[in-house]
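Everything on this sheet refers to the single structure shown next.
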Amino acid sequence: MLRNVVLLLAVAVILTLALAGLGQSAETNEAEPEAPPSGNLSGYRVAVLVGEGFHDAEAMMPIAMLANRGAEVVVLAPEAGMVKAYNSDLRLHVHKAVSAAQPAAFEALVLPGGTAPRELSEDADAVAFVKAFAALGRPVAATCHGPLLLAAADTLQGREVTGVGGIADDLRQAGATYHDREMVRDGHLITSRVPRDIPAWLIALEEALHELAMHAPCCGG
């Protein structure tokens with residue numbers, strides 16, 4: 000009973016932050032941006048790639064923010080069904096196996112952290128999806144251990160990134176320049192380090208999606 004109460008409180012905090020608009024400024028490689036323009040993300044589809052052992056807040060906070068803005072969120076994993084967080088009893092329903100998903104059907108890709116990304120980086124279908132999506136030039140938001148998937152997909156050569164300190168060497172070996180910052184944005188690539196950096200990370204993701212809307216009609220389907 001106590002465990003369920005704790006989980007409900009955690010979800011309430013996540014939704015409160017999302018509904019509040021995540022009003023914390025985000026750090027970039029240049030000047031700090033203004034808050035993203037107001038407006039919803041209706042008509043946009045965003046993939047969230049997880050696996051057994053995802054980090055609960057790093058998955059649920061982007062899902063809550065995006066759903067609150069009107070985006071359709073599709074949870075992908077190696078197999079459809081349910082996956083459990085490594086740091087709580089929270090479970091996520093997986094809408095579709097990543098092998099059955101088409102990268103071009105989404106406007107953005109979110110890669111939460113946890114223990115899952117290292118395992119996902121060994122999954123050929125997950126790596127192929129990330130590689131194909133990154134090639135589209137649409138927003139990719141990865142946090143904590145999530146950038147390991149970008150490294151496995153060979154998409155980090157010459158890029159500016161961050162991530163949890165324990166994977167800094169992995170990212171450098173993949174050809175990236177690592178920065179110990181709360182958030183680093185390099186074009187369509189948005190990375191952050193740990194749960195306390197989530198607000199800055201999500202502000203940058205929302206901003207990138209609004210920029211996408213300015214440059215092209217919504218492309219999902």
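Quick note: the sequence shown, position 177, residue 176 per numbering that gives the first Met the number 0, numbers continuous.
For glycine and all other residues, C-beta sits at the position ideal for the given N, C-alpha and C.
May I ask you to list the residues that DSSP assigns as paired with Leu75?
Leu48, Lys95
Within the stretch 84 to 131, ranges of the beta strand (DSSP E) (whole runs, at least 3 residues)
90 to 93, 107 to 110
If you check the beta carbons only, do Gly157 and Pro146 fall under 7 Å apart?
no
Does the stretch 110 to 129 come close enough to the stretch 197 to 208 that 3 or more CB-CB pairs lie under 8 Å?
no
Which word fits Arg195, buried or exposed, when buried means at least 16 other C-beta atoms lie within 10 angstroms of its C-beta?
exposed
Pick from Val93, Val97, His144, Arg171: whose alpha carbon is nearest that of Lys130?
Val97
What do you reckon, are the CB atoms on Thr142 and Gly112 nearer than 7 Å?
yes
DSSP three-state label for Arg158, please.
coil
Assumed close pair Asp185, Gly164 - CB separation to whole angstroms, cut-off 8 Å
In fact, because the Cβ distance is near 19 Å, the residues do not count as touching under 8 Å.
Nearest-angstrom Cα separation, counted from Val139 out to Asn228:
Residue 228 cannot be examined here, being either before or after the span of the chain that is shown, 0 to 220.
Using a 10 Å radius around the Cβ and a threshold of 16 neighbouring Cβ atoms, would you call Ser41 buried or exposed?
exposed
Unbroken alpha helix (DSSP H) run spanning Leu149, endpoints:
146 to 151
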